[in-house]
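Working notes for the structure below.
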Amino acid sequence: MESKIIDLLGDEAGDLLGHVCKTVPRENLHVPGPDFVDRVMAISDRPTRVLRNMDTLFNTGRLAGSGYLSVLPVDQGVEHTAGASFAPNPLYFDPENIVKLAIEGGCNAVASTLGVLGAVSRKYAHKIPFICKLNHNELLTYPTKHDQTIFASVDQAFEMGALAVGATIYYGSDECRRQIQEISEAFHYAHSLGMVTVLWAYLRNSDFKVNGKDYHVAADLTGQANYLAATIEADIIKQKQAENNGGFEALQFGRTNKKMYSDLATDHPIDLTRYQVVNCFMGRAGLINSGGASGENDLAQAVRTAVINKRAGGMGLISGRKAFQKSMQEGVELLHAIQDVYLSKDITIA
Numbered sequence: 004m005e006s007k008i009i010d011l012l013g014d015e016a017g018d019l020l021g022h023v024c025k026t027v028p029r030e031n032l033h034v035p036g037p038d039f040v041d042r043v044m045a046i047s048d049r050p051t052r053v054l055r056n057m058d059t060l061f062n063t064g065r066l067a068g069s070g071y072l073s074v075l076p077v078d079q080g081v082e083h084t085a086g087a088s089f090a091p092n093p094l095y096f097d098p099e100n101i102v103k104l105a106i107e108g109g110c111n112a113v114a115s116t117l118g119v120l121g122a123v124s125r126k127y128a129h130k131i132p133f134i135c136k137l138n139h140n141e142l143l144t145y146p147t148k149h150d151q152t153i154f155a156s157v158d159q160a161f162e163m164g165a166l167a168v169g170a171t172i173y174y175g176s177d178e179c180r181r182q183i184q185e186i187s188e189a190f191h192y193a194h195s196l197g198m199v200t201v202l203w204a205y206l207r208n209s210d211f212k213v214n215g216k217d218y219h220v221a222a223d224l225t226g227q228a229n230y231l232a233a234t235i236e237a238d239i240i241k242q243k244q245a246e247n248n249g250g251f252e253a254l255q256f257g258r259t260n261k262k263m264y265s266d267l268a269t270d271h272p273i274d275l276t277r278y279q280v281v282n283c284f285m286g287r288a289g290l291i292n293s294g295g296a297s298g299e300n301d302l303a304q305a306v307r308t309a310v311i312n313k314r315a316g317g318m319g320l321i322s323g324r325k326a327f328q329k330s331m332q333e334g335v336e337l338l339h340a341i342q343d344v345y346l347s348k349d350i351t352i353a
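The sequence shown maps to residues 4 to 353 in the working numbering.
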């Protein structure tokens, strides 16, 4: 194993790299690997063209042939305002630089808006897989509210040469059921055209914060969001990595079983993320965790997230702000550091 990974993990290295998961054993999971499409997806109802496009995803970039994914997502120009997102590096106001970062960074794919990808599609759609995001939460509505609005159609994504479509559902929000209906229909149509489907399965509800604790990152709540995402046939599920548990109990809603907290998860970060994987139909839908916001020690945090995801049985990392809110060189180095975790044969599934 590269000593750099151990150094970046610091005092947690022994715990994260040596942990043995005693909740749901890895033998019960459909783990990532070079044969994932043949072993897992080929027996599903996905059209042949979806299998071909998923295979293309798996065989692009530095992780080609590994069964893992490293994706650069840049939809923050809409989701967080362009000024706030690109002020740290104004180069990324230009869509071409976003795609260049994904290519130079060795990513399997670049995920962004219809406008960003469409601006350079004829030059790059055949060079790196495009994931076109169909809906967004814009921040010019006042007062701000949490809703996802359709900005693009599946046909527009297909016509520009995108290999996959992405969408967000805010589970727990007032608009959740409408979003489920919209995206379920969109994903069905995308599959009929041969496109891979990627769901940002996020939680949004102000009541999910209780006594200063944020249960938007609770294993039980995010796990159920993952299960709902797999239910509408998301091929890949993007989720924030779990940081705590007991959301249903703290919020006193939903239905639970005591074994959810005693047998299926512990407080260990790898076990919390394992529970997220379990809810992705035991890994039949790949779990890619979010890289999170940019801040201090981004490199160490990104590597830590990747180690937890891989050892839990996840399929990769989708890291945006940590990469593009830096110089191009620093962004490439961060993406490569994440990929090195998935390329390491010494970092195994717990």
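Beta carbons are placed, not taken as given, at the ideal position from N, Cα and C, and that holds for glycine. Values in this document were obtained by computation on a predicted structure and should not be read as measured data.
Excluding the 5 residues flanking residue i on each side, which residues of the same chain have their C-beta closer than 7 Å to its C-beta?
i, result
"A221", "A245, N247, N248, G249, G250"
"D38", "none"
"Q182", "Q151, I172, Y173"
"V43", "H33, R287"
"D301", "K325, L337"
"A268", "T26, A222, N248, D274, L275, Y278"
"Q342", "R65, L66, S73, G109"
"V213", "A253, L254"
What three-state label does DSSP hand residue i in the structure shown?
i, result
"P35", "coil"
"P76", "strand"
"T59", "helix"
"Y71", "coil"
"G295", "coil"
"A353", "coil"
"D41", "helix"
"D217", "strand"
"G169", "strand"
"G86", "helix"
Determine the extent of the beta strand (DSSP E) in which residue i is found, giving its start and end residues.
i, result
"K148", "Here K148 belongs to no beta strand (DSSP E), and DSSP marks it neither H nor E."
"P98", "From DSSP, P98 is part of no beta strand (DSSP E) but of the alpha helix (DSSP H) over 98-107."
"Q328", "Premise fails: Q328 is in no beta strand (DSSP E) and is neither H nor E."
"K136", "133-136"
"L254", "Note, L254: premise wrong, no beta strand (DSSP E); alpha helix (DSSP H) at 250-254."
"K241", "239-242"
Span of the alpha helix (DSSP H) holding residue i?
i, result
"F284", "Counting along the chain, F284 falls outside any alpha helix (DSSP H), and DSSP gives it neither H nor E."
"I308", "One detail in the question is off: residue 308 reads as Thr in this sequence, not Ile. Start and end: 301-315."
"G21", "16-21"
"I186", "179-195"
"I8", "6-12"
"Q227", "222-234"
"G118", "117-122"
Out of the options, which one is the CA nearest neighbour of residue i?
i, options, result
"H33", "I350, G316, V119", "G316"
"R324", "N92, R65, E141", "N92"
"R29", "H139, S6, Y173, M285", "M285"
"A298", "V335, L275, A326", "For the record, residue 298 in the displayed sequence is Gly; it is not Ala. Taking only the C-alpha atoms, the option nearest G298 is A326."
"K313", "L120, A193, E185, Q279", "Q279"
"S73", "L60, F96, S176, T84", "L60"
"L94", "A309, S115, Q328, V335", "Q328"
"S115", "I321, S330, Y345", "I321"
"T51", "A193, I106, G80", "A193"
"I235", "D343, D48, T84, A309", "D48"
"K130", "V113, E5, E141, N140", "V113"
"G68", "A85, D41, Q79", "D41"
"I291", "E141, E188, A253, L202", "L202"
Please work out which residues of its chain come closer than 8 Å, Cβ to Cβ, to residue i, disregarding the five sequence neighbours upstream and downstream, and give them in chain order.
i, result
"N56", "P132, L166, A167, G197, M198, V199"
"A45", "L54"
"R307", "L11, L12, E15, L19"
"A233", "I240, N282, C283, F284, R287, A288"
For residue i, count neighbouring C-beta atoms within 10 Å of its own C-beta (all shown protein chains included) and say buried if the count is 16 or more, exposed if not.
i, result
"P98", "buried"
"K241", "buried"
"L143", "exposed"
"E82", "buried"
"V23", "exposed"
"Y145", "exposed"
Excluding the 5 residues preceding and the 5 following residue i in the sequence, name in chain order all residues of the same chain whose CB lies nearer than 6 Å to its CB.
i, result
"G257", "F251"
"A128", "G164"
"P76", "A114, I321, G323"
At least one CB of chain D closer than 8 Å to the CB of residue i: is that the case?
i, result
"A122", "Of the protein chains in the structure, only one exists, and it is not chain D."
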